[in-house]
Amino acid sequence: MTSPARIRTTGEGTATARTTAERTATARKTTARGRTRPSRSLENSLLGGLGPGALVAGMDEVGRGALAGPVTVGVAVVTEQTSRRMPPGLADSKLLTPQARQDLVSPVRGWCTGWAVGHASPDEIDELGIIAALRLAGRRALADLAAAGLSPGVIILDGVHDWLSEPAQGELFAPEPPPVHIPGTDLEPVVPPVRTQVKADMTSAVVAAASVLAKVERDAIMVKLDPEHPEYGWAANKGYSSAEHIAALREHGACALHRRSWHLPGIGDDVGTGDDADVEVTVHASGEVGFGSAEAGLDPDGGGVGSDDHDPRTQDAADLFGAYDHDPYAGSVEEVVTALEPAGVVGRPRGQGMMVP
Numbered sequence: 002m003t004s005p006a007r008i009r010t011t012g013e014g015t016a017t018a019r020t021t022a023e024r025t026a027t028a029r030k031t032t033a034r035g036r037t038r039p040s041r042s043l044e045n046s047l048l049g050g051l052g053p054g055a056l057v058a059g060m061d062e063v064g065r066g067a068l069a070g071p072v073t074v075g076v077a078v079v080t081e082q083t084s085r086r087m088p089p090g091l092a093d094s095k096l097l098t099p100q101a102r103q104d105l106v107s108p109v110r111g112w113c114t115g116w117a118v119g120h121a122s123p124d125e126i127d128e129l130g131i132i133a134a135l136r137l138a139g140r141r142a143l144a145d146l147a148a149a150g151l152s153p154g155v156i157i158l159d160g161v162h163d164w165l166s167e168p169a170q171g172e173l174f175a176p177e178p179p180p181v182h183i184p185g186t187d188l189e190p191v192v193p194p195v196r197t198q199v200k201a202d203m204t205s206a207v208v209a210a211a212s213v214l215a216k217v218e219r220d221a222i223m224v225k226l227d228p229e230h231p232e233y234g235w236a237a238n239k240g241y242s243s244a245e246h247i248a249a250l251r252e253h254g255a256c257a258l259h260r261r262s263w264h265l266p267g268i269g270d271d272v273g274t275g276d277d278a279d280v281e282v283t284v285h286a287s288g289e290v291g292f293g294s295a296e297a298g299l300d301p302d303g304g305g306v307g308s309d310d311h312d313p314r315t316q317d318a319a320d321l322f323g324a325y326d327h328d329p330y331a332g333s334v335e336e337v338v339t340a341l342e343p344a345g346v347v348g349r350p351r352g353q354g355m356m357v358p
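With the numbering used here applied, the sequence shown covers 2 to 358.
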């Protein structure tokens, strides 16, 4: 490839130089594997139209197609003051190895102005449908941001369908989820304008950041739940339809953490006939979300970042379920999968120190 310094500028040189420079810039966004790296272009463009002090959020989901476990939505926030030097290796979580994703957590949470992760349980998915459950999980994440005083002016949503905003009257994606309560107020989180963007998790840095944080947290939940249901192999398949998981469904049926309204592979119509199908699980929907200085790396509520008080890697499943009987978001829903934040994964949006119950 011709370098910009060696481009001829005679005749049509200006146009040639511009074209070559653009190609060079594009090439620099591509990794050795030929993968396009995310950039700040879209969020910077949106920030420019919002005015000083504005925030732009990126949002992505994980677990939508899983057979078990929660559906999870991550949101990350940037401003004009957010460093233009993105964490090295940042990419769509689906393109990264588990170790690469884990290694990115600390750099990503320090780079973002703020972030949060919301979840909707298998029971909520069964009750509401997957689209409304996605909306509920996204609003839980927005509620956590709002509690920290972070209100994005616009959200970049990966994909072509806006599942976060209120559906139009009579739209296909009803029913609506229950209201999402922001602790300490009588308000629901305000959903800002949504900008949908195909492949935003691959091209937008803030969406890629949200993707990584959501994936790491959901994976940690499934790994923690694995010892309680080892026959399904959740530590490896994370609740997705692997051959091992399907074989276990065929042999054991579904448990309480499966999406039992779905036609689950391996068991035909015998959904919910597993030994644990009738087990009631009441756990916290949003988990502990601390807010403080990500730059300082401190937990304003004590215990340091990633306190073991709610670390799913230091508690057994019974403790996890029993410790969260005060879910402010559950409403009429009785079974809620935990959205706990593992040590070393917990987010710290910058803002006043506080704790969401």
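We treat Cβ as the ideally placed atom computed from N, Cα and C, and that holds for glycine.
**Asked** Since Pro123 contacts Ala58 with CB under 8 Å, what's their CB separation in whole angstroms?
**Response** Not a contact, Cβ separation roughly 26 Å.
Practice prompt. Rounded to whole angstroms, what's the CA-CA distance from Glu167 to Ile126? Just pull it up for me.
Written response: 17 Å
Exercise. Please name the residue in Gly50, Gly111 and Asn45 whose C-alpha comes closest to that of Leu214.
Key: Gly111
Since Asp220 and Lys200 are thought to touch, with beta carbons under 8 Å apart, how far apart are those beta carbons, to the nearest angstrom? Not a contact, Cβ separation roughly 22 Å.
Which ranges would you report for the beta strand (DSSP E) in the region 35-74 if only whole runs of at least 3 residues count? 57-63
Enumerate in chain order the residues of its own chain whose CB-to-CB distance from Glu44 is below 6 Å, with the five nearest sequence positions on each side excluded. Val57, Val79 and Val207
* To do: Pick out the complete beta strand (DSSP E) segments inside the region 69-128, 3 residues or longer, and give them in chain order.
  => 72-79 and 115-121
Query raised in the report: Between the Cα of Gly50 and the Cα atoms of Glu81, Gly90 and Val217, which residue gives the shortest distance?
Result: Glu81
Considering only the alpha carbon of each residue, which of Leu158, Pro228, Glu229 and Gly66 lies closest to Ala194? Note on identity: in this sequence residue 194 is Pro, with Ala being the wrong assignment. If we check each option's Cα against that of Pro194, Leu158 comes out closest.
- request: Consult DSSP for Leu258 and reduce its assignment to one of helix, strand or coil.
  value: coil
Just to check my reading of the structure: Val72 and Ala138 have Cβ atoms closer than 8 Å, yes? What is that Cβ distance to the nearest angstrom? 6 Å
Tell me whether Arg261 is buried or exposed, calling it buried when 16 or more other Cβ atoms sit within 10 Å of its Cβ.
buried
Margin query: Buried or exposed for Ser333, going by 16 or more other Cβ atoms inside 10 Å?
Written below: Below a pLDDT of 50, predicted positions are generally treated as unreliable, and Ser333, at 25, falls in that range; the measurement from the model is reported next regardless. Result: exposed.
| Taking C-beta to C-beta, are Val217 and Arg102 nearer than 8 Å? | yes
Note to self: Quick check: what's the CA-CA separation for Gly254 versus Arg86?
What the structure shows: 48 Å
Considering only C-alpha positions, which residue in the set Ser40, Val191 and Glu245 is nearest to Ala92?
Ser40
**Item:** Helix, strand or coil at Val208 [DSSP, three-state]
**Value:** helix
Applying the 10 Å Cβ sphere with the 16-neighbour rule, what's the burial state of Glu252?
exposed
Express the C-alpha separation of Pro53 and Leu258 in angstroms, rounding to a whole number.
-> 45 Å
Using CA coordinates, which residue listed in Ala209, Glu62, Ala236 and Tyr233 is at the minimum distance from Pro89?
Ala209
Using CA coordinates, which residue listed in Asp227, Gln100 and Pro108 is at the minimum distance from Thr83? Pro108
Self-check item: Residue(s) in a DSSP beta bridge with Val161
Solution: According to DSSP, which records beta bridges pairwise, Val161 is partnered with nothing at all.
**Request:** Could you tell me which residues DSSP puts in a beta bridge with Gly156?
**Result:** It is Ile, not Gly, that sits at residue 156 in the sequence shown. The partner list for Ile156 (beta bridge, DSSP) reads Ala58 and Val195.
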